[in-house]
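Just so we're aligned, residue 52 is where the sequence shown starts under my numbering, counting upward by one. The C-beta atom is built at its ideal place from N, Cα and C for all residues, glycine as well.
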Amino acid sequence: MTLPRLRRLSQTLFLGLFLLLLCKTEFHDSFQPGERDLRLPYPVRAFLEADPLIAIANALATHALYRGLLWSLAILIPTLALGRFFCGWICPVGTLNHMVSNMRSGKKTGRQRIASNRYKEWQTFKYYLLFALLLAAFLGSALVGILDPIALAVRSFALSILPSWNYLLNLSFKQAYFRQGFLLGAIFIVILAVNLRITRLWCRALCPLGALLGLASRWSILGLEKHPAECEDCNRCLLHCQGGDDPVPGVPWRKAECVLCMNCVADCPENGIRFRFFPPLPCPTTMQHADLKRRKVLTGLAAGAATLPLLRANTGLSAEPHERLIRPPAALDEKRFLARCIRCGECMKVCPNNALHPALTEAGWEGIWTPVLVARVGYCEPSCTLCGQVCPTGAIWEFTSKQKAWASKPGAGIRPIRLGTAFYDRGRCLPWAMATDCIVCEEWCPTSPKAVYLNSAEVTDAAGNTRQIRQPYIDPERCVGCGACEFACPVRDRPAVYVTSVGESRSKTNQLLMRQAAKPISWFPESGESAGWTKVGETRSFEAVDLWKYVDGDAERYLRAGVRRTLTANYRYGDTVEAVADIHLMEAPRGTASIFESEPSTGSRPVALGDEGRSYGQSLTFRRGPFFVRLVAYQDTPATERALLNLAQAIEARLARE
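So, in structure tokens, the structure goes:
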């Protein structure tokens with residue numbers, strides 16, 4: 052099998068896998084309260100997690116790397132050895148561009164194709180665009196997701212192409228509707244259509260991922276070797292060149308532009324060019340790096356530095372938040388959400404009630420195509436946790452139905468995740484404005500006890516008759532902003548009950564009620580309770596959905612183990628030792644055991660604390676029932692280990708009373 056045929060087979064397989072995983076990013080069954088959280092059986096975010104551009108932007112924006120994004124090394128490391136193989140052999144957008152380009156190539160004359168496939172200076176634009184997007188990511192905005200090819204493909208197919216096919220062909224999966232579906236589909240179709248004019252224009256001039264891989268390919272050990280003595284200047288190597296990298300003898304081959312389509316080698320009748328490992332260096336027939344101009348690089352960086360301040364100089368992010376900017380459950384606060392969200396549309400595709408849609412201006416222009424809940428189309432299912440499962444970057448943190456606390460009564464000290472609060476427009480509500488019975492909103496309210504309650508009132512109708520009408524009210528303490536009441540409201544044009552973002556859990560300022568600060572749970576000993584130890588400052592508390600604020604790089608491990616709440620306090624031992632104590636409350640003792648067992652035992656000794664304990668000298672961990680405790684001292688002195696053990700014993704005595 053020739054290399055071009057093998058490449059076509061690879062493109063077909065990966066495009067099919069991409070579409071299969073995208074079609075599997077949905078849920079067909081029903082949610083039953085009390086059952087274990089239902090999970091998708093397929094790795095539906097695999098292509099996004101393997102995207103090096105998303106991984107680097109996520110690391111720059113958050114100073115950490117969200118769980119599965121380490122899979123991007125499976126693409127980045129081979130690129131260092133082989134060049135831009137991903138673009139020519141795997142990328143679904145590259146494959147589709149390749150297919151459309153071939154549709155038109157047969158209608159061009161040989162001279163036209165040769166001229167079109169020569170290297171053009173405008174191909175360097177993608178590198179300057181890459182620098183601008185990466186600097187914007189470093190400054191705290193994931194704008195890179197707008198142009199990243201994998202995010203672009205997922206968003207376009209999930210929110211436009213697949214719903215259109217379903218409507219046209221009446222396929223088996225549920226029909227979904229998305230705001231801006233036409234716009235997103237039209238943009239994608241235009242990207243493909245321009246290939247009829249210029250071969251792989253997106254890949255050559257606009258793709259930031261291609262630019263990143265082109266820069267990484269500078270050190271690749273696979274190169275194109277030219278033999279001018281065997282060349283008859285037929286230029287057939289340019290007829291089907293996909294990268295515009297000048298494989299023709301007489302000019303340097305541009306390694307950073309080559310997508311390894313192998314067409315040049317297959318088309319050469321004289322075997323005058325061939326790919327080989329470890330070509331001789333330096334090679335006068337190869338340009339190892341991208342042809343970049345310093346002034347334009349600085350211009351790209353300046354554009355990236357200026358974009359974010361310009362976007363945030365408008366009202367929206369903090370000055371005037373949009374009332375309908377309702378984010379998915381477990382979404383981070385808005386600033387950190389925009390630093391992580393790549394607008395891939397996975398959460399919108401997986402939502403079983405079609406409740407999540409791409410934003411237009413609700414989050415300002417910086418937040419375009421990020422997910423918002425549109426309750427008039429669908430509501431947030433009480434037991435559903437799928438959006439947190441499919442998010443590849445942690446913009447929506449992975450959570451459990453117990454942490455969401457909608458389907459069942461939350462445990463002590465656990466507050467449900469709130470998306471917002473519902474309000475009534477009494478001028479449109481049937482019981483309030485028209486003396487007509489209607490209890491639909493109360494029937495649909497999923498919280499227990501219900502956030503919608505009814506009070507009887509005596510009213511007089513148009514005929515002068517007096518009767519009792521039950522009028523609905525909202526209890527803001529119980530309302531979680533799921534949108535079920537707005538979705539079900541029978542007043543169809545503009546609902547009589549609607550949800551806004553006020554009261555959302557992710558914001559400390561966008562609140563409706565003045566809440567009294569909860570009294571800290573007394574799991575920590577006070578000063579003097581353990582000999583020599585003094586408690587410094589107040590106890591800090593973090594719910595599961597906020598744990599990333601304390602241990603961003605390690606929060607995922609605790610969330611998988613079922614953490615419900617984390618408390619932390621600082622202590623001082625005399626004038627020599629300072630320490631921090633963390634207490635993690637898990638949903639069950641098995642979660643505590645899994646965390647304890649995941650800790651390294653090298654260099655430790657067992658200690659008699661709780662169910663199991665270890666001392667490392669300068670630190671100490673133990674578990675007791677659903678509690679996992681860690682103490683870490685900042686100084687290593689002869690008294691440190693014994694002092695930590697005394698403090699741990701005092702903490703254990705307190706936990707024993709729970």
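Leu-618 carries a strand assignment under DSSP once its states are collapsed to helix, strand and coil. Counting only runs of 4 or more residues that sit fully inside the region 288–353, the alpha helix (DSSP H) segments are 314–318, in chain order. By the neighbour-count criterion, in which 16 or more other beta carbons inside 10 Å mark a residue as buried, Lys-386 falls on the exposed side. Leaving aside the five residues that flank Ser-578 on each side, the residues in its chain whose CB is nearer than 8 Å to its CB run, in chain order, Trp-584, Thr-585, Lys-586.
With respect to the 8 Å criterion, Pro-527 and Leu-563 are classified as neighbours on the basis of their beta carbons. A Cβ-Cβ distance of about 5 Å is found for the pair His-340 and Arg-269, placing them in contact under the 8 Å criterion. For His-635, the three-state secondary structure derived from DSSP is strand. A check of alpha carbon separations from Gly-415 across Arg-656, Arg-96, Ser-192, Leu-91 identifies Ser-192 as the nearest. Counting along the chain, no beta strand (DSSP E) covers Thr-643; the unbroken alpha helix (DSSP H) around it starts and ends at 640–649. Positions of the beta strand (DSSP E) runs, each at least 3 residues long and wholly inside the region 199–283, are given as 273–277 in order along the chain. Under the DSSP definition of a beta bridge, Gln-522 partners with Asn-506. With the rule of 3 Cβ pairs closer than 8 Å, the region 346–360 does not count as touching the region 160–168. The three-state secondary structure of Ser-152, taken from DSSP, is helix. Looking at the DSSP output, His-408 sits in a beta bridge with Val-423. In this structure, Arg-615 sits away from Glu-648, with a CB-CB distance that is not shorter than 8 Å. Looking at Lys-559, Arg-708, Cys-540, Leu-64, the one whose alpha-carbon comes closest to that of Asp-384 is Lys-559. Counting along the chain, Val-95 sits inside no alpha helix (DSSP H), nor does DSSP assign it H or E at all. Taken through DSSP and simplified to helix, strand or coil, Phe-450 comes out as coil. Contact between the region 114–132 and the region 482–499 is absent: fewer than 3 CB-CB pairs across the two stretches fall below 8 Å.
By the CB criterion at 8 Å, Val-144 and Leu-203 fall inside the cutoff. Rounded to the nearest whole angstrom, the C-alpha separation of Ser-123 and Ser-573 is 44 Å. Boundaries of the alpha helix (DSSP H) around Arg-705: 691–706. The beta carbons of Phe-450 and Pro-380 sit closer together than 8 Å. Within the DSSP bridge table, the entry for Trp-584 names Tyr-624 as partners.
Counting C-beta atoms within 10 angstroms of its own C-beta, Arg-656 has fewer than 16 neighbours from the protein chains shown and is therefore classed as exposed.
Between the region 271–285 and the region 238–248, the count of C-beta pairs closer than 8 Å stays below three; the two stretches do not touch. With fewer than 16 other beta carbons inside 10 angstroms of its own, Asp-512 counts as exposed. Distances from the alpha-carbon of Met-338 to those of Ala-307, Asp-80, Val-683 put Ala-307 closest. The three-state secondary structure of Gly-664, taken from DSSP, is strand. Taking the Cα of Gly-274 as reference, the smallest distance to any Cα among Gln-669, Arg-479, Phe-328, Pro-689 is reached at Phe-328.
For the pair Gln-686 and Val-628, the CB atoms are nearer than the 8 Å cut-off. Ala-620 and Ile-634 have their C-alpha atoms some 9 Å from each other.
The shortest CA-to-CA distance from Trp-253 to any of Glu-276, Ser-152, Phe-208 is the one to Ser-152. Boundaries of the beta strand (DSSP E) around Phe-673: 670–675.
In this structure, Arg-674 sits near Gly-661, with a CB-CB distance shorter than 8 Å. In this structure, the straight-line span from the alpha carbon of Val-510 to that of Gln-519 is close to 6 Å.
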